[in-house]
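If you're matching them up, the sequences are chains U and Y in order. So the first sequence is numbered by the working numbering: it starts at 18 and just counts up by one. So the second sequence is numbered by the working numbering: it starts at 73 and just counts up by one. Here is the structure we will look at.
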Amino acid sequence: MSIELIISLVKANIVLAVLLTNTILLIWFERKVVAGMQSRVGPDRAGPFGILQTLADAIKLLLKEQILPSKADRAMYLLAPLIALVPSFLIFMIIPLGPDITVEWQNSLYTIPLVGADLNVGVLYFLALSSIAVYSVVLAGWSSGSKYPLLGGVRASAQMISYEAAMGLALVPVILYSGSLSLVDIVNSQSGNLSTSIPILNTIVSFIPKWNIFPQFVAFGIFFIAAVAEVNRAPFDLVEAEQELVGGFHTEYSGFRFAMFFLAEYINMFNMCAITATFFLGGWLGPTFEGILPPIFSVIMPIIWLGVKTFLLLFVFVWIRATLPRLRYDQLMELGWKRMIPISLVWLILSAIVLGLREFGLPWS
Amino acid sequence: MVDLILFFIPAALIIIGALIVVFAKNPVHNAMGLVMTLVSIAIIYITLNATFVAMVQMLVYAGAVMTLFLFVIMMIGVDKKEQSSESIKGQTFLVSGVFLILISILGYVAISSEFKWDLWFEAVEFAVEGTPQLIAGTLFTAWIFPFEIISILLIVATAAAIALAYDSKRRKNDV
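And the structure:
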């Protein structure tokens, strides 16, 4: 077996382990943060600070009976949870976790990129897979053979199609600024500090890192709102609005299949935050403290920085969930089509004009 | 060996998906068969080193178009059993004719190339490194005029769709 194949297999297993462990942490994190914001205690029995509560819940779900509704469309009903889970794992493969590392093994050097696959069309890959994920919700809703899941499924498809458009449009200015569709290149283009040609401003902004969030703050806002809507989190959780639709598209699912939907939702949330950090917050970039800390930290620090940025964004996700009430359905559609898409189009044209002026100068000069 | 496996698995999936589209009784199953075909074609594109085309195929056809298909199937409630009568007269006859033409074209190509095939394209440097740049470079210089005409056509089609769907009489009554 070639060494490249072994590296790829190890990477795939690491992704599986990281995402599963992360989900356990993330659910506990969300419950604790929401509990803190509502002056409750939250889970505190299983393990230290209740950190093993999710593990106990997962075991309970695995042991439960899996019910197949009598009116369900069998093939699609079984397929839907799989379609939910697979894209969420695949999206994580393109997120760069750090710079290339060089490993010496049996007297030869190997360069291992800390990314599952550096695609030259990474942004399109991300958008394509998140549009495939819509099928899971639609099919789950339709195949359950019951009215509440069907309503949830129809709502979900409308919502996800609408917000995907805004999300893609918000990413275009970022691609223009970075000049690449590859996520590795987008992170590399954000290294260094900001600079302007105006001398007084330059002394101020030269301390700010050259992250895309500063020139592209509007795109960041639109992308983040669309990301919340895309993973169906509050205040955009009409897909599974408990008061109206029982559980939405996964009402009829139980046991392990329900756990798969739950897992996919949290992995998608984590992916969205990691991708937002990669596009707008410099990804793994950050001080590695070379010379102060032992050399192993120059490998670990980028991963820690990405983790810190991701969990800050996840905290904002949970914060929004604990604070804002749910939107009504027509308000949701209006926000998507009448506000966010026009704003992102105008912002795209503005960024293109600014970039053109910077590149070619004024048209009459 | 690897190239054969990488060709035949997606190729088999394409054919199975196409058969599901034709023979499944339930419209939702037909739509999902079509999704399977489109995704498998994207995999074939990737083995041919056309990553950009593959991703656009996934995003536009497998993602957007087919989700709208499913949405419409669910919204207007045609997800009942298909009626077996022909909706167009002489449907079977027409389809068999087209099928025969297709088979004869395929047979001609296979015989004229003496049953040889080239399944695997060697990685060309510019094709791997810069498919988007390559496509954009050609599209926005040599083909800019057809590109603009297509964009005007799409805008006209969108405006026409809105004009047809917008019921101005009912809108007045509501207000």
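By construction, the Cβ of each residue, glycine as well, lies at the ideal position given by its N, Cα and C atoms. Small disclaimer: the values here were computed from a predicted structure and weren't measured.
So, are the CB atoms of residue i and residue j less than 8 Å apart?
i, j, result
"Gly-387 (chain U)", "Val-248 (chain U)", "Here chain U has residues from 18 to 382 only, and residue 387 (chain U) is not among them."
"Leu-200 (chain U)", "Gly-139 (chain U)", "yes"
"Ile-31 (chain U)", "Thr-71 (chain U)", "no"
"Glu-269 (chain U)", "Ser-163 (chain U)", "yes"
"Ser-148 (chain U)", "Leu-85 (chain Y)", "no"
"Trp-364 (chain U)", "Val-245 (chain U)", "no"
"Ala-142 (chain Y)", "Ser-174 (chain U)", "Inspection of the sequence shows that residue 142 (chain Y) is occupied by Leu rather than by Ala. Cβ atoms of Leu-142 (chain Y) and Ser-174 (chain U): closer than 8 Å."
"Cys-290 (chain U)", "Phe-334 (chain U)", "yes"
"Phe-253 (chain U)", "Leu-349 (chain U)", "yes"
"Gly-79 (chain Y)", "Thr-119 (chain Y)", "One point to set straight first is that residue 79 (chain Y) is Phe, not Gly, in the sequence displayed. Yes. Within cutoff."
"Asn-205 (chain U)", "Thr-213 (chain U)", "no"
"Ala-281 (chain U)", "Leu-102 (chain U)", "yes"
"Ile-108 (chain U)", "Ala-183 (chain U)", "no"
"Gly-185 (chain U)", "Leu-144 (chain U)", "yes"
"Gln-123 (chain U)", "Pro-190 (chain U)", "no"
"Ile-175 (chain Y)", "Phe-124 (chain Y)", "no"
"Ile-118 (chain U)", "Leu-131 (chain U)", "yes"
"Pro-319 (chain U)", "Gly-299 (chain U)", "no"
"Pro-86 (chain U)", "Ser-161 (chain U)", "yes"
"Met-146 (chain Y)", "Val-171 (chain U)", "yes"
"Tyr-117 (chain Y)", "Ala-126 (chain Y)", "yes"
Return the residue from the list the options that minimises the CA-CA distance to residue i.
i, options, result
"Leu-262 (chain U)", "U:Asp-90, U:Pro-65, U:Val-201 and U:Pro-166", "U:Pro-166"
"Ala-207 (chain U)", "U:Leu-218, U:Ile-192 and U:Ile-217", "Looking at the sequence shown, residue 207 (chain U) is not Ala but Gln. Among U:Leu-218, U:Ile-192 and U:Ile-217, the Cα nearest to that of Gln-207 (chain U) is on U:Ile-192."
"Gly-158 (chain U)", "U:Ala-276, U:Tyr-94, U:Asp-347 and U:Ser-197", "U:Tyr-94"
"Ser-25 (chain U)", "U:Gly-353, U:Thr-220 and U:Ile-111", "U:Ile-111"
"Leu-242 (chain U)", "U:Ala-369, U:Ser-368 and U:Leu-341", "Looking at the sequence itself, residue 242 (chain U) is Ile, so the reference to Leu does not match. For the residues U:Ala-369, U:Ser-368 and U:Leu-341, the minimum Cα distance to Ile-242 (chain U) belongs to U:Leu-341."
"Gln-129 (chain Y)", "U:Ser-212, U:Phe-306 and U:Leu-141", "U:Leu-141"
"Gly-169 (chain U)", "U:Val-256, U:Thr-327 and U:Phe-275", "U:Val-256"
"Asn-285 (chain U)", "U:Val-51, U:Arg-345 and U:Ile-100", "U:Ile-100"
"Lys-326 (chain U)", "U:Gly-238, U:Thr-295 and U:Lys-355", "U:Thr-295"
"Phe-106 (chain U)", "U:Leu-36, U:Tyr-152 and U:Gly-324", "U:Leu-36"
"Gly-89 (chain Y)", "Y:Asn-102, Y:Ile-77, Y:Lys-97 and Y:Asn-98", "Y:Asn-102"
"Ile-20 (chain U)", "U:Leu-69, U:Val-120 and U:Val-58", "U:Val-120"
"Leu-188 (chain U)", "U:Ser-361, U:Ile-370 and U:Leu-69", "U:Ser-361"
"Phe-287 (chain U)", "U:Asp-74, U:Leu-42 and U:Ala-29", "U:Leu-42"
"Gly-373 (chain U)", "U:Ser-223, U:Gly-196, U:Gly-264 and U:Arg-338", "U:Gly-196"
"Ile-115 (chain Y)", "Y:Ala-83, Y:Gly-135 and Y:Ile-92", "Y:Ala-83"
Under the rule that 16 or more other beta-carbon atoms within 10 Å means buried, what is residue i, buried or exposed?
i, result
"Glu-197 (chain Y)", "Residue placement at Glu-197 (chain Y) is flagged as unreliable, the pLDDT there being 49, under the threshold of 50; the coordinate-derived value follows with that caveat. It counts as exposed."
"Ala-214 (chain Y)", "exposed"
"Gln-176 (chain U)", "buried"
"Val-74 (chain Y)", "exposed"
"Phe-66 (chain U)", "exposed"
"Leu-166 (chain Y)", "exposed"
"Phe-217 (chain Y)", "exposed"
"Glu-47 (chain U)", "buried"
"Ile-358 (chain U)", "buried"
"Trp-381 (chain U)", "exposed"
"Asn-39 (chain U)", "buried"
"Phe-275 (chain U)", "buried"
"Met-277 (chain U)", "buried"
"Val-137 (chain Y)", "exposed"
"Val-100 (chain Y)", "buried"
"Leu-33 (chain U)", "exposed"
"Val-200 (chain Y)", "Reliability of the predicted coordinates at Val-200 (chain Y) is poor, the pLDDT of 49 falling under 50, and the value obtained from them is presented with this limitation in mind. So Val-200 (chain Y) ends up on the exposed side."
"Ala-233 (chain Y)", "exposed"
"Val-170 (chain Y)", "exposed"
"Val-247 (chain Y)", "Bear in mind that the predicted position of Val-247 (chain Y) carries a pLDDT of just 49, short of 50, making it too unreliable to give a figure here."
"Ile-76 (chain U)", "exposed"
"Asp-90 (chain U)", "buried"
"Phe-266 (chain U)", "buried"
"Glu-181 (chain U)", "buried"
"Val-94 (chain Y)", "exposed"
"Leu-198 (chain U)", "buried"
"Pro-311 (chain U)", "exposed"
"Trp-228 (chain U)", "buried"
"Val-228 (chain Y)", "exposed"
Could you round the C-beta distance between residue i and residue j to whole angstroms and report it? I think they count as a contact, below 8 Å.
i, j, result
"Thr-139 (chain Y)", "Val-51 (chain U)", "32 Å between Cβ atoms; not a contact."
"Trp-301 (chain U)", "Leu-329 (chain U)", "Not confirmed; about 14 Å, so no contact."
"Ile-129 (chain U)", "Ser-271 (chain U)", "Their Cβ separation, rounded to whole angstroms, is 42 Å, which puts Ile-129 (chain U) and Ser-271 (chain U) out of contact at 8 Å."
"Ala-251 (chain U)", "Arg-356 (chain U)", "That pair is no contact at about 19 Å."
Would you say residue i faces chain C, with C-beta separation under 8 Å as the test?
i, result
"Trp-322 (chain U)", "Looking for chain C here will not work: the only protein chains present are U and Y."
Every unbroken alpha helix (DSSP H) within the segment 56-114 of chain U, with a cutoff of 4 residues, ordered by chain: 70-80 and 91-109
Unbroken stretches of the alpha helix (DSSP H), 4 residues or longer, contained in the segment 277-332 of chain U: none
Any beta strand (DSSP E) of 3 or more consecutive residues that is wholly inside the segment 105-188 of chain U: 118-122 and 125-129
Any alpha helix (DSSP H) of 4 or more consecutive residues that is wholly inside the segment 246-272 of chain U: 259-262
Alpha helix (DSSP H) segments (min. 4 residues) lying fully within the segment 346-372 of chain U: 346-351
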